[in-house]
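Trainee:
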Amino acid sequence: MKRTPEAVTEIIKTHLEANGHKIANDSENWCIKKSSLGGLGVFATKNIQPGDFIFKDYPVIIGPRSKINKDVCVVCFKDEPILCSRNCHLPVCSKECENSKIHLQECELIRKWSQKKCESGYNNLIKYITPIRTLFLSENEEKIVKSLQGHKGSQHGFEVDALSYKYGMVFSKEEEHFMKLACRVMDSNAFEVIIDDKDNQSGVRGLYPLSALSNHDCSPNTFYTFDKDHWMILRASKPIQTGEEICNTYVKRLWGTLNRKLMLEKSKHFSCTCKRCRDPTEFGSYVSAMRCSFCKVGFILPINPLDINSSWICDVCASKTNCQKVGKILSLLGNTLASFGNDDVEIMMRFLNGKLLDFVHVNHYIVLELKCKVIFILGNRKNYELQNISDSLLELKHQYCRDFLNLTEKLRLGYFTYRAQIISELVSTLKEESRRKNNTKTEEMDKEINMLLNDLYLVSQNEFCSDK
1 MKRTPEAVTE IIKTHLEANG HKIANDSENW CIKKSSLGGL GVFATKNIQP GDFIFKDYPV
61 IIGPRSKINK DVCVVCFKDE PILCSRNCHL PVCSKECENS KIHLQECELI RKWSQKKCES
121 GYNNLIKYIT PIRTLFLSEN EEKIVKSLQG HKGSQHGFEV DALSYKYGMV FSKEEEHFMK
181 LACRVMDSNA FEVIIDDKDN QSGVRGLYPL SALSNHDCSP NTFYTFDKDH WMILRASKPI
241 QTGEEICNTY VKRLWGTLNR KLMLEKSKHF SCTCKRCRDP TEFGSYVSAM RCSFCKVGFI
301 LPINPLDINS SWICDVCASK TNCQKVGKIL SLLGNTLASF GNDDVEIMMR FLNGKLLDFV
361 HVNHYIVLEL KCKVIFILGN RKNYELQNIS DSLLELKHQY CRDFLNLTEK LRLGYFTYRA
421 QIISELVSTL KEESRRKNNT KTEEMDKEIN MLLNDLYLVS QNEFCSDK
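Below, the structure is given as C-alpha cells:
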C-alpha cells in the first residue's frame with residue numbers, strides 16, 4: 001500500500017467504523033495531509049474552539065508495556081487477577097475475561113508455542129504478550145501498522161526475543177518479523193492508556209492510528225482523554241484555525257527544554273524545533289532558568305536551546321556554564337524532589353523558599369513540580385484534610401494554584417488535564433475559604449468559581465484524565 005494521505009485516511013476510517021464509530025463526512029474536523037514537519041500530519045478542516053471535540057480514536061493494538069511492574073488482567077487491565085485456568089500463565093480477573101476472544105486467541109497460541117516446559121518459570125510473561133496480539137490483527141489493521149513509521153535499531157523488538165530465549169517459545173520467521181515490526185511501530189507511536197481514572201502509570205499502552213499521525217509540539221493545540229472502553233477523545237486545548245496542523249505532545253508540558261529534548265531524543269529519536277524549543281526563555285516563562293553560580297544575581301539559559309550540548313550564559317554577567325554542570329545540578333535537584341514523601345510538607349516548603357532558589361529561577365519547572373506536590377497533599381492526605389489545615393496552609397495552597405495557572409498561561413498551554421486537576425484543587429480551596437468566612441461569597445468569587453467549573457467541564461466531560 002502506498003503511504004498517501006488518501007490511502008491512510010481510508011484504512012483509518014475503515015478501522016474506526018469497524019469498531020462502532022460512524023464518521024459522517026460533513027461533520028469531520030480533520031483531514032490527513034503531508035506535513036512540513038515531515039511525513040503525514042492531521043489538519044483542521046474548520047475553525048475549532050478550545051474544548052471542542054476533534055476526533056475519537058480506537059487502538060489497533062492494546063496491551064501491557066514491557067515495563068509494567070504489577071500483574072493486571074490482560075483483558076480489562078484491572079488489578080488483583082488470578083492465573084488463567086488453561087495454563088497459559090497469563091493473569092485474568094474473571095471467567096468473562098478468560099473466555100474473551102482476544103484472550104482465547106493468545107492463550108491457545110502461547111500453549112502451542114510452549115513446546116517444552118520453561119525451566120525458569122513463566123513469571124513476568126505479561127510483560128511480553130503485546131507483540132503476540134499483533135498476530136490476530138485483521139488485514140486492514142495490518143495495513144495500518146505497516147503504514148505507520150517505526151523506530152530502527154536492535155533495541156526495539158526485544159520483547160519478541162524474550163519470548164524465544166526466556167520462555168522457549170517457537171514461532172515462524174514471518175511471525176517474528178511482523179511482531180518486531182509492530183514493536184518498532186508501538187515504540188514510536190503508542191500512548192499510555194488510562195484505566196479506571198487512575199494515574200498515568202497504568203502500564204498499559206495502545207496504538208491509536210489517527211493520534212499517531214498527529215505530530216509533536218511542546219505547546220500543543222490539543223489534549224486527550226479516555227473513556228471506559230479505551231477510546232481516545234482528542235479535544236482542542238486552544239483555538240485552531242482551518243488548515244492549521246493538529247499537534248499533540250509526547251512529553252510532559254511543564255518540563256524545561258533540556259529535559260524535553262533529552263526525552264524526545266531517547267524515546268522518539270528526533271529533535272524538536274518548535275517555537276517554544278527555539279526560545280531560550282520559553283515565551284518569557286523562564287521555566288528552565290538556573291541561578292548563575294558566578295554573580296549569584298542573574299540567571300543562565302542555553303545560548304542555543306536547540307543544541308543539548310550548548311553552553312549556558314548569564315543574563316547579567318555574561319558568564320558561561322557548560323551543559324554538563326547544568327545537567328548535574330538538575331539531576332541532584334530531581335533526586336531531592338523524588339525523595340520527599342507525603343508527610344514532608346514542612347521540609348518541602350522550607351526547601352522551596354530556601355535552598356532551591358539558590359539554584360533555579362522562581363518559575364523553574366522543578367519549583368512548579370514541588371508546588372504541585374504540596375497542592376495535592378494539602379486537603380487530600382491524612383493529617384492535612386482541607387477543613388483542618390491552618391489558614392496559612394490554605395492560603396499557600398491557593399497561591400500555589402494561582403502560580404501554576406499563571407505559568408501555564410505564559411507557556412501558552414491552553415486546556416489540558418493536569419491543569420484541570422489544579423483547577424479542581426483551586427475550586428475546593430475557594431469554597432473552603434468561603435466556609436471559613438461564614439459562607440460569605442462575593443459576586444466576584446461566584447463568577448470565578450463558575451468560570452473554573454466550566455473549564456473543568458470542557459476538559460473532563462465524563463472521560464478519564466490523561467496527558468500532563
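The sequence shown begins at 1 in the UniProt record's numbering and counts up by one. Heads up, the beta-carbon is just placed ideally off N, CA and C, and yes, glycines get one too.
Give the single residue among Cys73, Ile12, Asn69 and Ala420 whose Cα lies nearest to the Cα of Ile144.
Mentor: As a first step, residue 144 is located in the sequence shown; it is residue number 144 there, counting from the start. For Ile144, the nearest C-alpha among the options comes from Ile12.
Trainee: With DSSP as the reference, identify every bridge partner of Glu245, one or two as the case may be.
Mentor: Taking the sequence shown and counting its residues from 1, the one referred to as residue 245 is at position 245. Per DSSP, Phe43.
Trainee: As an exercise, report each continuous beta strand (DSSP E) stretch of at least 3 residues that is fully enclosed by the segment 100 to 176, in chain order.
Mentor: none
Trainee: Counting along the chain, where does the beta strand (DSSP E) carrying Asp57 start and finish?
Mentor: As a working note, residue 57 is residue 57 in the sequence shown. Note, Asp57: beta strand (DSSP E), Phe53 to Asp57.
Trainee: Does the Cβ of Leu332 have 16 or more other Cβ atoms within 10 Å, making it buried, or fewer, making it exposed?
Mentor: Start at 1 with the first residue of the sequence shown, and residue 332 comes out as number 332. Burial call: exposed.
Trainee: Would you kindly report the start and end of the unbroken alpha helix (DSSP H) that includes Phe340?
Mentor: As a first step, residue 340 must be located in the sequence shown, where it is residue number 340. Neither: Phe340 is in no alpha helix (DSSP H) and is coded neither H nor E.
Trainee: Three or more C-beta pairs closer than 8 Å, one from the segment 47 to 56 and one from the segment 233 to 245: is that the case here?
Mentor: The answer is yes - the segment 233 to 245 touches the segment 47 to 56, with three or more Cβ pairs under 8 Å.
Trainee: Assign Glu433 to one of three DSSP states: helix, strand, or coil.
Mentor: Counting from one through the sequence shown, the residue named residue 433 turns up at place 433. Helix.
Trainee: Give the secondary structure of Pro5 by DSSP, where H, G and I count as helix, E and B as strand, and everything else as coil.
Mentor: For this step, residue 5 is matched to residue 5 along the sequence shown. Assigned with DSSP and collapsed to three states, Pro5 falls in helix.
Trainee: Using only the alpha-carbon positions, how far apart do Phe351 and Thr14 sit?
Mentor: Numbered from 1 along the sequence shown, position 351 holds the residue referred to as residue 351. Numbered from 1 along the sequence shown, position 14 holds the residue referred to as residue 14. Approximately 54 Å between the Cα atoms of the pair.
Trainee: Measure how close the beta-carbons of Gly206 and Arg184 come, nearest whole angstrom, since I'm counting them as under 8 Å.
Mentor: Walking along the sequence shown from the start, residue 206 turns up at place 206. Walking along the sequence shown from the start, residue 184 turns up at place 184. About 16 Å separates the two Cβ atoms, so there is no contact after all.
Trainee: Since Val297 is in the beta strand (DSSP E), which residue starts that stretch and which ends it?
Mentor: For this step, residue 297 is matched to residue 297 along the sequence shown. From DSSP, Val297 is part of no beta strand (DSSP E); its letter is neither H nor E.
Trainee: Looking at the structure shown, is Tyr457 part of a helix, part of a strand, or coil, going by DSSP?
Mentor: Position 457 of the sequence shown, counted from the first residue, corresponds to residue 457. The answer is helix: DSSP assigns Tyr457 an H, G or I state.
Trainee: As an exercise, report each continuous beta strand (DSSP E) stretch of at least 3 residues that is fully enclosed by the segment 310 to 394, in chain order.
Mentor: Look at the segment 310 to 394 and you find these whole runs of beta strand (DSSP E), each 3 residues long or longer: 312 to 314.
Trainee: Indicate whether Phe299 and Leu411 have their beta-carbon atoms separated by less than 7 Å.
Mentor: Sequence index remark: in the sequence shown, residue 299 carries index 299 (1-based). Sequence index remark: in the sequence shown, residue 411 carries index 411 (1-based). No, the pair does not count as a contact, with Cβ atoms beyond the cut-off.
Trainee: Helix, strand or coil, according to DSSP, for Arg86 in the structure here?
Mentor: For the purposes of this step, residue 86 is identified with residue 86 of the sequence shown, where counting begins at 1. Arg86 falls in the coil class under three-state DSSP.
Trainee: Ignoring anything shorter than 4 residues or poking outside the segment 186 to 262, list the alpha helix (DSSP H) runs there in chain order.
Mentor: Correct list: 209 to 212.
Trainee: DSSP three-state label for Lys268, please.
Mentor: Numbered from its first residue, the sequence shown carries residue 268 at position 268. If DSSP states are grouped into helix, strand and coil, Lys268 belongs with coil.
Trainee: Buried or exposed: Asn363, going by 16 or more other Cβ atoms within 10 Å of its Cβ?
Mentor: Mapped onto the sequence shown, residue 363 falls at position 363. Classification for Asn363: buried.
Trainee: Using the rule of at least 16 other Cβ atoms within 10 Å of the residue's Cβ for burial, across every protein chain shown, is Ala338 buried or exposed?
Mentor: Reading the sequence shown from its first residue, position 338 is the one you call residue 338. Ala338 should be labelled exposed.
Trainee: DSSP state of Lys33, grouped into three classes?
Mentor: Sequence index remark: in the sequence shown, residue 33 carries index 33 (1-based). Lys33: strand per DSSP, three-state reduction.
Trainee: Count the other CB atoms, across all protein chains shown, that sit within 10 Å of the CB of Tyr457; report buried if there are 16 or more and exposed otherwise.
Mentor: Translated into the one-based positions of the sequence shown, residue 457 becomes position 457. Per the 10 Å Cβ criterion, exposed.
Trainee: Do you know how far the Cα of Val42 is from the Cα of Ile54?
Mentor: Position 54 of the sequence shown holds residue 54. Position 42 of the sequence shown holds residue 42. Cα to Cα, the separation comes out at about 11 Å.
Trainee: Reducing DSSP to helix, strand and coil, say where Val92 ends up.
Mentor: Stepping through the sequence shown from its first residue, residue 92 is reached at position 92. DSSP places Val92 within a strand segment (E or B) once states are collapsed to three.
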